[in-house]
Amino acid sequence: MSTALAINHGSRRYRGWVVPITAVGVWWLASHMGWSQSGLLVSPEKVAATAWDQIASGKFWRAISASLARNLSGFFIGTTLGLVLGCLLGLSRHFERLVGPSFNTFKQISLFAWIPLISVWFGLGDVAKVVFLSLAALVPVVVNTCDGLRNVPPNLLEVARVYRFSRWQTIVGVMLPAALPSIFTGLYLALVYSWLATIGAEYLLVSGEGIGNTLIDGSEHFMMDLVLFGMVVIGLVGWSLNALARIFERRMQRLYGIAPV
């Protein structure tokens, strides 16, 4: 019985590989069987060779380190400000009445609408890109942190009142742990938005190195192998960041005694 359960668990674990393996197989067939007459359809072997060349020459490491440095800087700044602002909006009705309408207007503005102003105020370098990424990470963290704190179950707050918790004890011991699932949702969205914004910033604020610049170089020179290599890297980095966030979330859940969802 245990063996059957282990096999079933293992099969579920590897189901996620079905689609990418099938896609690569169809891609290989299309490139080798002449299904497309376009010279821009490159084979998986060509992409693999380009990947090796990028890695061996050091171009890949310079590009990925530049992109990750911008992404993590913007994510850290945006989430820090987002947590502070979200907590203030969620815990203080006076602050919400003062700042809430302005923030609700601000979050309706498309992220890419800020590009012209950011480029004028901060130029086209890394500072402008980090500011852009910070804006991408800010909004989802503020919204989900605020919602999580406002939607704490009333029975938990009643228990805090019965035990005569101070305001600080109620916030730290009751409200924040109860709001953690919503806060982590905001952090996940901030990770997604900031990584996508990293590539967008490197496209629109073209200056310096990065994976986005690798895609631009490939498209300008009609090197589809370089473009596909960059796309694979973008997907793998996004998946890795999400996996690290999951690990951090599980540790925080164990710390606060919250059952995983």
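In this text, residue positions in the sequence shown follow my numbering: the first is 1, and each later residue adds one. Even glycine gets a Cβ: it sits at the ideal position worked out from N, Cα and C.
- Nearest neighbour of Leu81 by Cα position, chosen from Phe165, Leu135 and Glu45, turns out to be Leu135.
- Distance from the CA of Val237 to the CA of Phe112, rounded to the nearest whole angstrom, comes to 22 Å.
- Counting the other CB atoms within 10 Å of its CB gives Asn155 a total below 16, which places it among the exposed residues.
- If you draw a straight line from the Cα of Leu204 to the Cα of Ile115, it comes to about 8 Å.
- If you compare the alpha carbons of Ala128, Leu244 and Asn213 with that of Phe229, the shortest gap goes to Asn213.
- Between Ile183 and Val141, the C-beta spacing is below 9 Å.
- By the beta-carbon neighbour count (other beta carbons within 10 angstroms, threshold 16), Ala243 is exposed.
- If one requires a minimum length of 4 residues, the alpha helix (DSSP H) runs lying completely within the region 159–188 are 167–170, in chain order.
- The shortest C-alpha to C-alpha distance from Phe106 to any of Tyr163, Phe76, Ala179 and Val143 is the one to Val143.
- Out of Gly16, Arg15 and Pro44, the CA that lies nearest to the CA of Gly25 is found in Pro44.
- For Met231, the three-state secondary structure derived from DSSP is helix.
- Within its own chain, the residues whose Cβ lies closer than 7 Å to the Cβ of Ala178, once the five positions on either side in sequence are excluded, are Val152, Pro153 and Leu156, listed in chain order.
- Excluding its 5 nearest sequence neighbours in each direction, Val227 has C-beta neighbours in its own chain below 7 Å: Leu215, Gly218 and Ser219, listed in chain order.
- The three-state reading of DSSP puts Met252 in helix, counting H, G and I together.
- Residue state for His221 is assigned as coil, using DSSP reduced to three classes.
- In this structure, Thr79 sits near Leu187, with a CB-CB distance shorter than 9 Å.
- For Leu149, same chain residues with a beta-carbon under 7 Å away, outside a window of 5 residues either side, are Cys87, Gly90, Leu91, Met175 and Ala179 in chain order.
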